[in-house]
Every structure is written in C-alpha cells, then in structure tokens.
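Below is one structure; the comments refer to it alone.
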Amino acid sequence: MSGLYLTKGLYPEDFLRKTVEFIRDTQLPCGSVPWFEGSYADPWDHVEAAMGLSIGGEFEHAVNAYRWLKNIQLEDGSWWAAYKNGEIHNHERRETNFVAYIATGIWHHFLISDDREFLVEMYPMVEQAITFVLALQTEHGDIHWAVDAEGKAKEDALVTGNSSIYKSLECAFNISVTLGENRTDWFAARSKLGNTLANHPERFDRTWESKARYSMDWFYPVLTGALDQQASKQRLAERWDEFVMDGMGCRCVSDEPWVTIAESCELTMALLAAGEREKATEVYSWLHQWRLEDGSYWTGYQFKQDLLWPDEKPTWTAGAILLAADALTDHTPAAYLFKEVRLLELESDLLSAEQA
Numbered sequence: 000m001s002g003l004y005l006t007k008g009l010y011p012e013d014f015l016r017k018t019v020e021f022i023r024d025t026q027l028p029c030g031s032v033p034w035f036e037g038s039y040a041d042p043w044d045h046v047e048a049a050m051g052l053s054i055g056g057e058f059e060h061a062v063n064a065y066r067w068l069k070n071i072q073l074e075d076g077s078w079w080a081a082y083k084n085g086e087i088h089n090h091e092r093r094e095t096n097f098v099a100y101i102a103t104g105i106w107h108h109f110l111i112s113d114d115r116e117f118l119v120e121m122y123p124m125v126e127q128a129i130t131f132v133l134a135l136q137t138e139h140g141d142i143h144w145a146v147d148a149e150g151k152a153k154e155d156a157l158v159t160g161n162s163s164i165y166k167s168l169e170c171a172f173n174i175s176v177t178l179g180e181n182r183t184d185w186f187a188a189r190s191k192l193g194n195t196l197a198n199h200p201e202r203f204d205r206t207w208e209s210k211a212r213y214s215m216d217w218f219y220p221v222l223t224g225a226l227d228q229q230a231s232k233q234r235l236a237e238r239w240d241e242f243v244m245d246g247m248g249c250r251c252v253s254d255e256p257w258v259t260i261a262e263s264c265e266l267t268m269a270l271l272a273a274g275e276r277e278k279a280t281e282v283y284s285w286l287h288q289w290r291l292e293d294g295s296y297w298t299g300y301q302f303k304q305d306l307l308w309p310d311e312k313p314t315w316t317a318g319a320i321l322l323a324a325d326a327l328t329d330h331t332p333a334a335y336l337f338k339e340v341r342l343l344e345l346e347s348d349l350l351s352a353e354q355a
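Right, here's the structure in full:
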C-alpha cells in the first residue's frame, strides 16, 4: 500500500494496529525488544520500539520494556551496546546517545499514560544514565560518543548522536521538573551542547572521516530541536535533492541507492519541526509500499537493484512508523515531542542564558 496521507485528528488506528502488535509479539518475556525474532537488542532501538508500544496503548508491555533496562543498568548508569537472550552481546563499548535515550522514552511514556508512579519508579535510572553521559561532556559542549570496555572515553563526537542527546536532555530536565528535583545542571549542559551543535561544527568528526554523507547528520539537528525553524528550513532545503528520492523515501547515505524507512519517518518529523507539513505528509505517504501483511516494514529498498535489503523487518522501524503517524495526526499527548521544544518551568536567569 502507498498513498496514505495523514492529517491532524485522523490517526489510522485499524491500519497501524498490526504494526503495534508486531512490536508487542516480538518482545521477549524479560521485556527486551530485539531488532527482530532471534536478533539482539540495543538500548536506543529498544526504546524506539517501546515508544511505539506506548502510542499503541500497550502500556504494560511498554513499562516492561523500560523495567528491563532498569534491571540491567550498570552501576555507572550505562548499558552495553547490545544484548541477546538475556546476555551481553556486545561489550566492546557503551554509547552515550544510547544511554541518554532512556530519558526520551520515559518522558514519552509519561506524556501518554500520565502515570506518575511510573515516572517516580524510573527517575533513578534516568538520573544515573544522564550522570554517565554528562561526565563525558567536554569543556566545548560536545559529548564523547562512547567509552570502551574499560570505561575509557572514545574521544570524538557525532552530530547525530549529540543531537539525540540534546533531545534526551530536554526530556530528562522535564522529568526532573515534574518530580520537583533540582537539576538545573542538566539544563545548563543542554544549553552548552545546543550552542555547540548550532555554532561549532568543528567539534564533530575530528578524528575520522566526516559523517555528512549520512542523512541523519543532515536532519537530526532539526528533528531534536537544536536549530530554530528558519535555520531548520534552510538546512533541509540545502541537501534535499541529495537525500530524498521522490516516491520512495530518504536515503540512508547520499552516495548509495538505498532508501530506508526509519530515516524517512524521522525526516517526516523533522519536516514537521521545520514547519514543512506538506512535505512531511508526502514523504510519509510513500512508505507503506514497504509494509508487510503482519504490519511490519522492511528496513529499506535498494532502488538500482530493485531489491528489498537487508532481509530484515526491525521493531525499531515499526516504532518509527508509529512515531511519525502520531506526529502527523496529534493522536497522543506525546505527538509534539519531535516537532517542538517544550521545557518546563525554566528559571528566569537560565532562560535568559539560553536566549543570549
């Protein structure tokens, strides 16, 4: 199916129910949501899938997903890069954007469920995770992308990863305000990171080849609120023709003939954040030709070889489909989350510092 055009107030509940059930039925009894049956789970994509469960009203399964992370959190607040069948699958590194993303998921679920007891239960996990991440923030504002197996910082920063952390710090701060916790240090760290993302590109990709060929580097500063709407529109317009394939979706990388469904969903939300609703609606309408009967979606399509590749239907892609549909239709109270920045009860002096 293609040509699904969504507008505010018209969430396709029946159409997307199977997508919710696909995530739910892939979830393991422990709460982990692997990429697909028999695969591994990583903390970031696990949270992306859990957010899809929340949108679909599967609150018990979503809470179990977050409790799984709470139960396996390391003493320093982090998680390993991947887990499989209850065991560590990749213990080579712990990535800061993976760790921070728990705050986005927890806040997202609270916005939908209004479950304060859940927020109270999960706050210590969020606090430990954010403490781990901010210990790796440099004096320049950027945040190292990972630590190695021994806990030593892998010293460089990624635009996409730091942008994701920027949104997570917004969510973490809002959690703290809601619970009456004084974490203005999180607000200050977020402001410093935002300035670096907006004004200091030299702080990223210092020790490796530029990641600018990846579409996520292009639209993530927009998606996560690091740029204002005018700058966002300009950024998306500048490389639109490099990344967007009409009638198909968004390329993963600019120099490969491969569109990916999750990136296309995230671009949809970034377009909404930039005030480009018509484009967002159009991009999302293309994606359902990659849907299967069970409600899952292929990872992507290699259009020169006319090949669906890889042969995978990830739960996190399904989660992205649901997040974009919610953003387009305002279906849940969390629909705004990737469309705008909403910070709760800022102190006047801190607000002035961010606006300066």
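Under numbering that gives the first Met the number 0, the residues of the sequence shown are numbered 0 to 355, in order. Backbone N, C-alpha and C fix where the C-beta goes; we use that ideal spot for every residue, glycine too.
6 Å Cβ shell around residue i - same chain, five flanking residues per side excluded
i	result
Glu-344	Val-176
Tyr-213	Val-252
Ala-352	Reliability of the predicted coordinates at Ala-352 is poor, the pLDDT of 48 falling under 50, and the value obtained from them is presented with this limitation in mind. Nothing listed; no residue qualifies.
Asp-216	Val-158, Thr-159, Lys-210
Nonlocal neighbours in the same chain, by C-beta distance under 7 Å from residue i, ignoring five residues either side
i	result
Thr-331	Ile-54, Ile-111, Asp-325
Ala-156	Asp-141, Ile-142, His-143, Trp-144, Arg-202, Phe-203
Ala-355	Note that Ala-355 has pLDDT 48, beneath the 50 cutoff, so the model's placement of it is unreliable and the number below is only indicative. Nothing meets the Cβ criterion.
Asp-348	Unreliable placement is indicated for Asp-348, whose pLDDT of 47 sits below 50; the coordinate value is still reported in the next sentence. Around Asp-348: no qualifying Cβ.
Leu-15	Leu-321, Ala-324
Ala-273	Val-221, Gln-228, Ser-231, Lys-232, Leu-235
Met-254	Reading off the sequence, residue 254 comes out as Asp, not Met. Answer for Asp-254: Arg-212, listed in chain order.
Arg-93	Ser-77, Trp-78, Trp-79, Ala-80, Ala-145, Val-146
Lys-166	Thr-103, Thr-223, Gly-224
Ile-22	Val-32, Ala-48, Gly-51, Leu-52, Thr-314, Ala-317, Gly-318
Trp-207	Asp-155
Residues bridged to residue i [DSSP beta-bridge criterion]
i	result
Arg-92	Asp-147
Thr-18	Thr-18 is not bridged to any residue.
Trp-257	Gln-301
Met-244	Gly-248
Gln-136	Ile-142
Ile-105	Bridge partners of Ile-105: none, in fact.
Tyr-296	Arg-290
Where the beta strand (DSSP E) containing residue i begins and where it ends
i	result
Arg-250	248 to 250
Tyr-82	81 to 83
Best match in the options for proximity to residue i [C-alpha to C-alpha]
i	options	result
Glu-86	Ala-40, Met-121, His-60	Ala-40
Met-121	Asn-96, Ala-48, Val-62	Val-62
Trp-308	Thr-259, Ala-49, Thr-18	Thr-259
Gln-24	Thr-314, Asp-329, Glu-339, Val-340	The sequence shown places Asp at residue 24, rather than the Gln named in the question. Cα-wise, what sits closest to Asp-24 is Thr-314.
Beta-carbon spacing of residue i, residue j below 8 Å
i	j	result
Ala-317	Ser-295	yes
Trp-257	Gln-301	yes
Ala-152	Glu-91	no
Phe-218	Glu-265	yes
Tyr-4	Ser-284	yes
Leu-118	Phe-131	no
Leu-291	Lys-278	no
Leu-196	Ser-163	no
Leu-342	Glu-169	yes
Extent of the continuous alpha helix (DSSP H) run through residue i
i	result
Thr-159	158 to 177
Lys-304	Per the sequence shown, residue 304 should be read as Gln rather than Lys. Careful: Gln-304 lies outside any alpha helix (DSSP H) and carries neither H nor E.
Trp-185	183 to 198
Val-282	276 to 284
Phe-337	Here Phe-337 belongs to no alpha helix (DSSP H), and DSSP marks it neither H nor E.
Lys-69	58 to 71
Lys-232	228 to 237
Val-32	Premise fails: Val-32 is in no alpha helix (DSSP H) and is neither H nor E.
Tyr-219	214 to 222
Trp-43	42 to 54
Residues of its chain near residue i, where Cβ-Cβ distance is below 8 Å and the 5 sequence neighbours each way are ignored
i	result
Val-125	Ile-101, Ala-102, Ile-105, Ala-171, Ile-174
Ser-31	Ala-40, His-45, Ala-64, Trp-67, Tyr-82, Gly-85
Chain B contact for residue i (CB, 8 Å cutoff)
i	result
Ser-53	Reference to chain B is not applicable here, since this structure consists of a single protein chain.
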